[in-house]
Amino acid sequence: MLDLSILLFATAAAAAATFPSQPAVEAYARRNYFYTDGKYINAARNGETAQYLVGQVYVEQLVPLKVRYEVPLLFIAGLGQSGTNWLNTPDGREGWASFFLRQGYIVYLADQAQRGRSPWLPDEGNMSQFSATLIQEQFTAPQDFPSYPQAINHTQWPGSGRIGDPIFDAFMKSQLQVQTDTEMQAMYNNLSFTALLDEIGPVIVVPHSEGCMHTWQLGDARPELVKAIVALEPLGPPFADYGGPPFSPEWPKSSSEKRPYGITILPLHYNPPVTNASQLTRQYHPPPSPDLAPCTLQKDPARRLTHLSQIPTLMLTTQASYHAVYDYCTAEYFKQGGVDVEWIHLPNVGIYGNGHFMFLERNSFGIARFVEPWIAKIVRRK
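Structure (structure tokens):
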């Protein structure tokens, strides 16, 4: 581990995602960084076979001036994103890392395996990236491209959310490569995040989107070390991506099952045990209203998620994200499996206008202030 042992006011790592002329304000913290364990593999490159280390993950530790809570927070960003998501917003405001540092939490920020500062072999798998068109249509300006009913409610992204807007362009600059071999990505993340918890001990995990799937794997592998999960619009719905009504015909369709174990690619601990994903019998449930998707859930009696059911889970869905179409299915899947999940649709608690990247939007601290008391109930103050 490298210990810089200095007090940081402006975090240079976040500068690429903010305006160069607008220095980002950060909470004071002592910063360390390190890499988790990976594994050595033999790989042929340029006609020669040699050993390479793969799967290791870059982690930052931020320690506030006064630590008030015994259990730290581990933030895991979603697809195409990195730990810098939590440092600043694209328009230069403080991110969630600073908010929780000011409350007295130790914060860990991780780049997923094969992404950002976590190395990858150039020949391993296949890398892709989000287009600017996709980002503005699905994340930053869905109200201008209303491909689902809830999109018209989006108001909280700073700036226009369109290509050429300086805030959009700052966000676009931060987008990273995506490993399209999702099983490889899941295996490496499971390897590295379990190694991380074996090193640092118990945490509360705050994942976003695709990062939630790897958090379910982590909680299943180390239920005694994952004290709680705050899932921000987890990758879903169960089993397969959904692109039918109420989404418009232009919405991306999925032709294959993406999460054979319901909420993950890799096996989970169920009771009765599951030795093959085909043992999870599925049942179709029609949508309860025209603006929602149908659900594919377990057929009753549902198998219990024996390890994840030990972990208190808070799940947030915003008013205007495409997740508002189907996140209720994910929450229902957890309830079927016996998970202690509290699903909050943010407009039901007076938080309006957010899209998928709620923690970067104009009211990001309002959402953090809603989340923090739930976390504080789980952990003990020093």
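Taken in order, the sequence shown gives residues -16 to -1, 1 to 366; the numbers are from mature numbering (1 follows the signal peptide of the UniProt record, and there is no 0).
Ideal Cβ placement from N, Cα and C applies to all residues, glycine included.
Just so we're clear, the structure is a prediction, and the values are computed from it rather than from any experiment.
Taking the Cα of Leu250 as reference, the smallest distance to any Cα among Gln140, Asp165, Asn30, Ser82 is reached at Asp165. In the structure shown, Gln294 adopts helical secondary structure according to DSSP, grouped into three states. Inclusion of Ala61 and Asn72 in the CB contact set at 8 Å is not warranted, their separation being larger than that value. DSSP places Trp358 in the helix class (H, G or I) of the three-state scheme.
Lys23: member of the beta strand (DSSP E) spanning 23 to 29, first to last residue.
Between Ala116 and Val43, the C-beta gap is not smaller than 8 Å, which leaves the two residues out of contact.
At a cut-off of 3 residues, the continuous stretches assigned as beta strand (DSSP E) that sit fully inside the stretch 45 to 116 are 57 to 60, 91 to 94. Only exposed fits His269, as fewer than 16 other CB atoms lie within 10 angstroms of its CB. Non-local beta-carbon contacts of Met168 in its own chain, meaning distances under 6 Å to residues more than five positions away in sequence, involve Gly109 in chain order. Under DSSP, Glu32 forms a beta bridge with Arg29. With 16 or more other Cβ atoms inside 10 Å of its own Cβ, Val214 counts as buried.
Ranked by Cα distance from Pro285, the first of Gln40, Tyr254, Pro150, Glu208 is Tyr254. Between Cys196 and Leu175, the gap from beta carbon to beta carbon reaches 8 Å or more. Counting only runs of 3 or more residues that sit fully inside the stretch 249 to 327, the beta strand (DSSP E) segments are 266 to 269, 279 to 282, 297 to 301, in chain order. The C-beta of Asn137 has 16 or more other C-beta atoms within 10 Å across all chains shown, which makes the residue buried.
Ala154: member of the alpha helix (DSSP H) spanning 150 to 157, first to last residue. For Ala11 and Arg146, the gap between their C-alpha atoms comes out near 30 Å. The DSSP-derived three-state label of Arg206 is coil. By alpha-carbon distance to Ala125, the top candidate from His340, Phe354, Asn26 is His340. Shown here, Gln163 sits in a strand according to DSSP, grouped into three states. For Ile151, the number of other beta carbons within 10 angstroms of its own is at least 16, and it is reported as buried. The alpha-carbon separation between Val333 and Trp80 amounts to approximately 20 Å. For Ser238, the closest C-alpha among the options Phe155, Ile351, Tyr226 is that of Tyr226.
In the pairwise beta carbon analysis, the stretch 319 to 327 is classified as touching the stretch 285 to 305: at least three pairs are separated by under 8 Å.
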